[in-house]
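So the sequence shown is numbered by numbering that gives the first Met the number 0: it starts at 0 and just counts up by one. Backbone N, C-alpha and C fix where the C-beta goes; we use that ideal spot for every residue, glycine too. So the structure is just underneath, and the comments pick up after that.
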Amino acid sequence: MTGCLQGKVALITGAARGQGAAEARLFVAEGAKVVLGDVLEDQVMALAEELRGRGGEALAIRLDVTNEADWTAAVESAEKHFGALHILVNNAGILRLGGIEDTSLEDWDKVLSVNLTGTWLGMKISVPAIRRAGSGSIVNISSIYGLIGSGASAAYHATKGAVRLLTKTAAVQYAREEIRVNSVHPGIIDTPMVEEVFSDEVKAGIGMMTPMGRVGQPEEIAQGVLFLASDAASFITGTELVIDGGYTAQ
Ligand SMILES: NC(=O)c1ccc[n+]([C@@H]2O[C@H](COP(=O)([O-])OP(=O)(O)OC[C@H]3O[C@@H](n4cnc5c(N)ncnc54)[C@H](O)[C@@H]3O)[C@@H](O)[C@H]2O)c1
């Protein structure tokens with residue numbers, strides 16, 4: 000898919016590391032100009048510098064997805080520096096472990112605010128710019144935990160399930176405007192998020208429970224996000240792309 004994002008401008012949240020960073024690298028390799036937002040300022044600046052060093056066009060900004068003013072500034076930056084905004088990847092997310100009774104109200108509110116409110120705010124603030132660009136694509140990162148339950152994290156499951164339906168709602172609302180909206184549902188992926196909460200032993204155990212016998216890599220999710228973001232997916236909206244090595248097929 001060489002150069003399939005040529006001429007496109009993309010805003011990726013949570014781009015400092017993990018899947019967001021993999022998406023940023025792949026999008027630039029495919030010709031996109033990227034605005035990279037994260038609360039990890041040093042890391043996201045370093046990534047933008049790396050991409051510029053390879054001849055790409057990348058701008059890093061501090062973007063806390065729970066903050067409306069940050070979103071407005073991010074979208075303005077995309078239009079000011081790169082002339083338009085065509086693609087939004089709502090990738091930023093956090094995970095707090097805990098079932099229904101052992102989740103604190105503070106953790107519940109925090110997870111909802113980043114994973115769900117952040118995704119809604121991103122669409123709300125970006126859609127007018129994508130409309131000005133003429134057409135575009137929004138990819139919301141949900142999870143297999145937005146499709147199935149587990150005892151792992153009540154708040155996380157609740158947000159990822161909500162992102163799935165928020166995506167379909169936006170897809171229906173904006174379909175006639177040529178703004179496509181889809182969700183991606185990764186299985187367990189080898190990123191800092193997983194490193195922080197699961198031991199190597201637990202990670203290996205999850206790999207064993209996966210039909211393909213392993214956890215996924217961030218680059219494998221980035222390929223799916225690229226497809227949905229690109230014109231190759233021109234008649235695809237409101238769908239959910241599961242990338243999980245067969246985990247939810249069992
Ligand atoms: N890793 C997995 O197994 C897995 C599985 C399914 C879905 N996901 C989802 O994929 C997405 C990417 O996760 P990852 O695995 O790369 O995790 P990660 O923790 O490695 O990266 C997430 C990024 O989001 C950023 N972030 C957190 N809060 C933010 C905020 N308020 N504003 C802006 N940025 C913020 C972090 O700083 C980090 O750079 C998340 O939405 C996550 O829920 C991950």
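Check, Outcome
"Quick test of the definition: if touching needs 3 or more C-beta pairs under 8 Å, does the region 13–28 touch the region 212–228?", "yes"
"My guess is that A170 and R179 are in contact by the Cβ rule of under 8 Å, so how many angstroms apart are they, rounded?", "7 Å"
"Is the region 44–55 in contact with the region 124–138, if contact means three or more CB pairs nearer than 8 Å?", "no"
"Using beta-carbon positions only, say whether A23 and I11 come within less than 7 Å of one another.", "yes"
"In three-state DSSP terms, what is D12?", "Sequence check: residue 12 is Thr here, not Asp. Three-state result, T12: strand."
"Quick check: is any heavy atom of ligand 1 less than 6 Å from the C-beta of Q18?", "yes"
"Compute the beta-carbon to beta-carbon distance between L4 and F26, rounded to the nearest angstrom, for a pair I have assumed lies under 8 Å.", "6 Å"
"Should M0 be labelled buried (16 or more other beta-carbon atoms within 10 Å of its own) or exposed?", "Here the model assigns M0 a pLDDT of 44, short of 50, so the residue's position is not dependable, and the following value carries that caveat. Counting Cβ neighbours within 10 Å, M0 comes out exposed, since fewer than 16 surround it."
"Name the residue from A83, V88, K7 whose alpha carbon lies nearest to the alpha carbon of L35.", "V88"
"Roughly how many whole angstroms lie between the Cα atoms of E218 and D243?", "13 Å"
"Rounded to the nearest angstrom, what separates A72 and M208 at their Cα positions?", "43 Å"
"Would you mind working out which of E100, A45, E177 sits nearest S229, comparing C-alpha positions?", "E177"
"Give the secondary structure of P210 by DSSP, where H, G and I count as helix, E and B as strand, and everything else as coil.", "coil"
"Can L25 be considered in contact with ligand 1, in the sense that its beta carbon sits closer than 6 Å to one or more heavy atoms?", "no"
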